[in-house]
Each structure stands twice: as C-alpha cells, then as structure tokens.
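First the structure, in the form of structure tokens, and then the observations on it.
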Amino acid sequence: EGRAPAALDSLSRGAPVAEVRDVLSKIPVAHRVALARRAQTNERRFLRHDPDPLVLESLVRNPNIVLPEIIALARTPLLLPSTVEIMAGDPRWAASDELKLLLATHPRASFSTVDKLVARLGDIMLQRVIHRPGLNPAVREKVMRKLSRKNRG
Numbered sequence: 066e067g068r069a070p071a072a073l074d075s076l077s078r079g080a081p082v083a084e085v086r087d088v089l090s091k092i093p094v095a096h097r098v099a100l101a102r103r104a105q106t107n108e109r110r111f112l113r114h115d116p117d118p119l120v121l122e123s124l125v126r127n128p129n130i131v132l133p134e135i136i137a138l139a140r141t142p143l144l145l146p147s148t149v150e151i152m153a154g155d156p157r158w159a160a161s162d163e164l165k166l167l168l169a170t171h172p173r174a175s176f177s178t179v180d181k182l183v184a185r186l187g188d189i190m191l192q193r194v195i196h197r198p199g200l201n202p203a204v205r206e207k208v209m210r211k212l213s214r215k216n217r218g
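Under the numbering used here, think of the first position of the sequence shown as 66, with each following residue one higher.
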C-alpha cells in the first residue's frame, strides 16, 4: 500500500506510450484508480496515458497535480464530462486561459460547463474558441452571439 505497482516501477521515464499502456493494462483498474488519487510525479506521468476514463478522473482529483499535467489531460479526448467539469471548477486553475480554452472546446464538455467557461473568457480567447476545428456548432453559435452582444454594447 502507498507504493507504485512493480510494473510501473519498471518503466523508464521516456517509455513509449504503447509500452506504458501495455503495463497499465496488467494492473487492475481499481488499483490504478486508487494509485492515481495519490500518485507522485513519476506515476502521474505514466497514468495520464491510461485509457480508462475513471483513472483519468481520479488523477484529476489528485491534490498534488500541477497545471501542466492538467493541461496535458485536458487534451485527452477520453475524459468523462464529469472530469471536464471538475477541471473547470477547480480554483487552482481559474487563471489559466489556455485551460479554459481547452475545456470549453473539449468534445466531452457539457453545455453548462461550456457556458461557465465562456463567461470567464475575454474577447481574444472567445475568438480562439470559435476558430477551433471540430467545435460543436451550438457552442460556436453561442460564442458568436456573445461576441456580437459585446461588440454592440
């Protein structure tokens, strides 16, 4: 207890993602979830490649996780909507426009989460939102209406 599984200890720092995922697949999901919640820097580096969304959500809840790791996780399409919401609501990351942009345009973000994020973005970042490839058309329309109202008022 409290230690990384031996399989993770065997991975080198620059191990290829395929090798990391192979090693992770041999550790029970429940153990990976528990480890993610308390993992230190080295384990978090490997766990962010875990394909299980529950492991990723547990990793986001880790009190030691830092902004660059959160930003890397925000680029992962495997996140659950609840994970995106947790990231968006964490006051530790409130000042990061880059993270707000990633989360507001994340394919799994709920409309309520997007609304909250968009409300906290300035005009330049809103312009970046509407130019994101693959953006949900409803989100694009909402942001365009917001920009239009700002420019009129």
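The C-beta atom is built at its ideal place from N, Cα and C for all residues, glycine as well.
(message) Can you give me the C-alpha to C-alpha distance between asparagine 107 and arginine 210, rounded to a whole angstrom?
(response) 44 Å
(message) Quick check: the Cα distance between arginine 113 and alanine 83, rounded to an integer number of angstroms?
(response) 13 Å
(message) Under DSSP, the alpha helix (DSSP H) around alanine 139 begins and ends at which residues?
(response) 132-139
(request) Compute the distance between the beta-carbons of arginine 126 and isoleucine 92, then report whether it is under 8 Å. (result) Against a cut-off of 8 Å, the Cβ pair of isoleucine 92 and arginine 126 comes out as no contact.
(message) Taking the alpha carbon of aspartate 117 as the reference point, which residue from Thr148, Ile136, Gln105 and Arg103 has its own alpha carbon closest?
(response) Thr148
(request) Please check the pair leucine 138 and lysine 165, which I expect to be a contact at CB under 8 Å, by giving their CB distance rounded to whole angstroms. (result) With a Cβ gap of about 14 Å, leucine 138 and lysine 165 do not count as contacting.
(request) Give the range of the alpha helix (DSSP H) segment to which serine 91 is assigned. (result) For the record, residue 91 in the displayed sequence is lysine; it is not serine. Run containing lysine 91: none; DSSP gives neither H nor E here.
(message) Using a Cβ-Cβ cutoff of less than 6 Å, which residues in the same chain neighbour alanine 101 once the five nearest sequence positions on both sides are dropped?
(response) Leu112, Val120, Ser123 and Leu124
(request) Spatial neighbours of glutamate 163 within its chain, please: CB distance less than 7 Å, with the 5 preceding and 5 following residues excluded, ordered by chain position. (result) Ile136
(request) Work out the CA separation of leucine 145 and aspartate 155 for me, nearest whole Å. (result) Each residue's alpha carbon lies about 16 Å from the other.
(request) Go through its chain and collect everything with a Cβ distance to arginine 86's Cβ below 8 Å, but skip five positions before and after it. (result) Cβ-Cβ distances below 8 Å link arginine 86 to His114, Asp115 and Pro116 in the same chain, with the five nearest sequence neighbours on each side left out; the list follows chain order.
(request) Compute the Euclidean distance between the alpha carbons of arginine 97 and proline 133, then round it to the nearest angstrom. (result) 21 Å
(request) Specify, as a first and last residue, the run of the alpha helix (DSSP H) that asparagine 107 falls within. (result) 106-112
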